[in-house]
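Scroll down for the structure; my scribbles are underneath it.
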Amino acid sequence: MATTVMAGAVEGVDGVEVQVEVDLVRRLPRVTVVGLPASAVKESTERVRSAILASGLDFPKQRVTINLAPADVRKDGTAFDLPIALGVLAAAGVVPEASLEGVMAVGELSLTGALRDVPGALPLALLARQRGVKALILPQSCAGQGAVVPELNVLAAATLADVVEWLNGKGALKKASFVAEPRPPFVGDLADVRGQALARRALEIAAAGGHNLLLIGAPGSGKTMLASRLAGLLPPMTFEEAIETTRVHSVAGLLPANVGLLEQRPFRAPHHSISPAGLLGGASLRPGELSLAHHGVLFLDELPEFSRGTLEQLRSPLERREVVIARSAGAVTLPAGCMLVAAANPCPCGFLGHPLKPCRCGDAMLQRYRQRLSGPLLDRIDLCVRVEPVESEDLFSERRRETSAEVRARVTAARRAQTERYKGLALHNNAMLDGPGCREAAQATPAALRLLRDTMERLNLSARACDRVLKVARTIADLDGVARVDLEHIAEAAAFRAQDSVDAREGL
Ligand SMILES: Nc1ncnc2c1ncn2[C@@H]1O[C@H](COP(=O)(O)OP(=O)(O)OP(=O)(O)O)[C@@H](O)[C@H]1O
Ligand SMILES: [Mg+2]
68 MATTVMAGAV
78 EGVDGVEVQV
88 EVDLVRRLPR
98 VTVVGLPASA
108 VKESTERVRS
118 AILASGLDFP
128 KQRVTINLAP
138 ADVRKDGTAF
148 DLPIALGVLA
158 AAGVVPEASL
168 EGVMAVGELS
178 LTGALRDVPG
188 ALPLALLARQ
198 RGVKALILPQ
208 SCAGQGAVVP
218 ELNVLAAATL
228 ADVVEWLNGK
238 GALKKASFVA
248 EPRPPFVGDL
258 ADVRGQALAR
268 RALEIAAAGG
278 HNLLLIGAPG
288 SGKTMLASRL
298 AGLLPPMTFE
308 EAIETTRVHS
318 VAGLLPANVG
328 LLEQRPFRAP
338 HHSISPAGLL
348 GGASLRPGEL
358 SLAHHGVLFL
368 DELPEFSRGT
378 LEQLRSPLER
388 REVVIARSAG
398 AVTLPAGCML
408 VAAANPCPCG
418 FLGHPLKPCR
428 CGDAMLQRYR
438 QRLSGPLLDR
448 IDLCVRVEPV
458 ESEDLFSERR
468 RETSAEVRAR
478 VTAARRAQTE
488 RYKGLALHNN
498 AMLDGPGCRE
508 AAQATPAALR
518 LLRDTMERLN
528 LSARACDRVL
538 KVARTIADLD
548 GVARVDLEHI
558 AEAAAFRAQD
568 SVDAREGL
């Protein structure tokens, strides 16, 4: 009769239960793996054999058949090493079969029998809790991810021999504990940014409403500096958000050893040469930068340098807050609920509209550049701000500047107002409002509506651009702590329109 060990595979950011069945038959020794195993799993048998021998145990000299069920789940990676080894040992009578009941095991084996960490420990631990397992055995270095999951008994093991001893009731395995990601030694604070009142305000509004933001300005004006401070303006992640973000990083195998939970909002800044698979996630199922930025910020510096095709593919996932990756065995959905911040120079030389330096770009060059800038992503961007070169007076002024924590307090209050307003709905910030929703949420005063209408006529705005102004105005009113959008909110929101900033040549 076959022995069964519970294991798990990862699909997207979810764990899927897999049963490892091992059967021994008195025939010529041979090992066969069936049940849609990828090549890494087929190689597993070689590692398992060496690990068992290195642990001072015997590998059965019989025909070993390993079945990974259900057959329609794709099994990839090295996480099946440990459950396969335990299955073989249980079938050979080295560990009692009963001891494996209710136990889920995950881990890669080295040839010496040591356990190595595997990607996706957190989603597998969530699966284990859902299945109500008695114990989940994880390699020591990633056991912390499992320990994050409440009400789950996670045991950290260093070697196969330790696990065998524990199953035989001889030794103990350590209960896993987790540490949160240590704060990086230097996190930029908004207080470092001198001057730039308008850009700071745009950052605050973007953070408060979850709006995508574009910064346009000359080289060295501080765009990168400003953008990199955005994640620090957002409210701290809730435990649920932290779990969701950590899940993605866990699947990508990016969590530092022993770290169980990411508590800082991610800030991802991919280089402009990134491929679509790198940005959105690829067939190998590694999450892309977009998903790694879940609940945080995706920063596209030098936006016009990104390939148009890559940006084009970002549009729909940004809106739907999830990305669907098609592959031969069906589609996988990954989370993508991040804020987008992009930065760009106003023209190829960077000095168009600069108060002191002349722009050296020709007309045709400028035209091409503007087309790239106003390309696929612009209509996903609610706020755009011109970052002027910082004035020397500001740069050397010793006046006290607001810190990220002070701005974050206002942002958090504004977010709370939105959570309250959208309770029971499928949205949680102003950026997610659609046209009708935004008119209802705005509760605009008659004077505000008149101004919006005037602005629309004067600037020849589309209905969508109009909605966008109203959305941003709603956020500004939330920062002010008022229920109705008024005149001044519309006026300020209209000044941050992206299309104007890109179109108006003189303005740049
Ligand atoms: N407002 C500012 N306050 C303090 N320092 C600033 C400010 N603006 C720029 N700097 C300094 O200038 C450096 C360059 O700024 P940053 O890299 O953000 O410019 P940029 O606009 O991104 O330029 P580029 O277009 O070349 O990428 C910063 O690291 C910082 O030291
Ligand atoms: Mg820069």
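Residue numbering for the sequence shown follows this note's numbering, starting at 68 and increasing by one per position. Glycine included, every Cβ here is placed at the ideal spot set by N, Cα and C. These figures come from a predicted structure and were not determined experimentally.
Near Q380, which residues of its chain fall below 8 Å by C-beta distance, leaving aside the five closest residues on each side in sequence?
P343, L346, L347
Consider the C-beta atom of V552 and the heavy atoms of ligand 1; say whether any pair is separated by less than 6 Å.
no
Would you say D534 touches ligand 2, meaning its beta carbon is less than 6 Å from a heavy atom?
no
Going straight from the alpha carbon of V80 to that of P456, what length do you get?
43 Å
Is E292 a contact residue of ligand 1, with contact defined as CB to any heavy atom under 6 Å?
Note that residue 292 is Met in the sequence shown here, rather than Glu. Yes, ligand 1 has a heavy atom inside 6 Å of this Cβ.
Go to C533, then tell me how far its beta strand (DSSP E) extends in each direction, as first and last residue.
It is not in any beta strand (DSSP E) - C533 instead sits in the alpha helix (DSSP H) that spans 530-547.
Using a Cβ-Cβ cut-off of 8 Å (strictly less than) and excluding sequence neighbours within five positions of V408, which residues of its own chain qualify?
A273, N279, L280, L281, L282, A294, L297, V364, L365, F366, L367
Assuming G75 is part of the beta strand (DSSP E), what are its boundary residues?
70-78
In chain order, what residues of the same chain have a beta carbon less than 6 Å from the beta carbon of V536, not counting five sequence neighbours either side?
A560, A561
Can we count S340 as close to ligand 1, meaning its CB is less than 6 Å from some heavy atom?
no
Do the CB positions of A172 and G213 come within less than 7 Å of each other?
no
Buried or exposed, going by whether 16 or more other CB atoms sit within 10 Å of the CB of R525?
exposed
I'd like to confirm something about D368: is its beta-carbon nearer than 6 Å to some heavy atom of ligand 2, or not?
yes
Residue from P503, N325, T312 whose Cα sits closest to the Cα of F334
T312
Neighbourhood of E477 by C-beta, 8 Å cutoff - its chain only, sequence neighbours within 5 removed
Note that residue 477 corresponds to Arg in the displayed sequence, not to Glu. E271, A275, L546, listed in sequence order.
Is the Cβ-Cβ distance between G169 and K201 less than 7 Å?
yes
For the stretch 253-299, which segments carrying the beta strand (DSSP E) assignment without a break, of at least 3 residues, lie completely within its bounds, in sequence order?
280-284
Do A76 and S155 come within 7 Å of each other at the CB atom, strictly closer than that value?
In the sequence as presented, Ser is not what sits at residue 155; that position holds Val. No, these two residues do not count as a Cβ contact at 7 Å.
First and last residue of the alpha helix (DSSP H) that includes T479?
471-488
From V98 to T179, what distance separates their C-alpha atoms?
20 Å
Based on DSSP bridge pairs, tell me the residues matched to E88.
T71, N134
If you measure between the beta carbons of L91 and P127, is that distance less than 7 Å?
yes
Would you mind stating whether A515 and L554 have Cβ atoms separated by less than 7 Å?
yes
What does DSSP give as the partner residues of K128 in its beta bridges?
According to DSSP, which records beta bridges pairwise, K128 is partnered with nothing at all.
Please go through the same chain and pick out, in chain order, the residues whose beta-carbon is closer than 8 Å to the beta-carbon of L103, but skip the five residues on each side of it.
L135, A138, D139, V140, R141, K142
Any heavy atom of ligand 1 closer than 6 Å to the CB of G299?
no
Comparing C-alpha positions only, which one of G349, A431, K424 sits nearest to Q394?
In the sequence on display, residue 394 carries Arg and not Gln. Closest option to R394, Cα to Cα, is G349.
Quick check on R375: does DSSP put it in helix, strand or coil?
helix
Is the beta carbon of T400 sitting closer than 7 Å to the one on E389?
yes
Could you check where the alpha helix (DSSP H) with G345 kicks off and where it finishes?
343-347
Cβ-heavy atom distance between S464 and ligand 1 below 6 Å?
no
Should K237 go down as buried or exposed, given a rule of 16 or more other Cβ atoms within 10 Å for buried?
exposed
So I448 is in the alpha helix (DSSP H); what residue range does that whole segment cover?
Where I448 is concerned, there is no enclosing alpha helix (DSSP H), given that its DSSP letter is neither H nor E.
Tell me whether V260, by its Cβ, gets closer than 6 Å to a heavy atom of ligand 1.
yes
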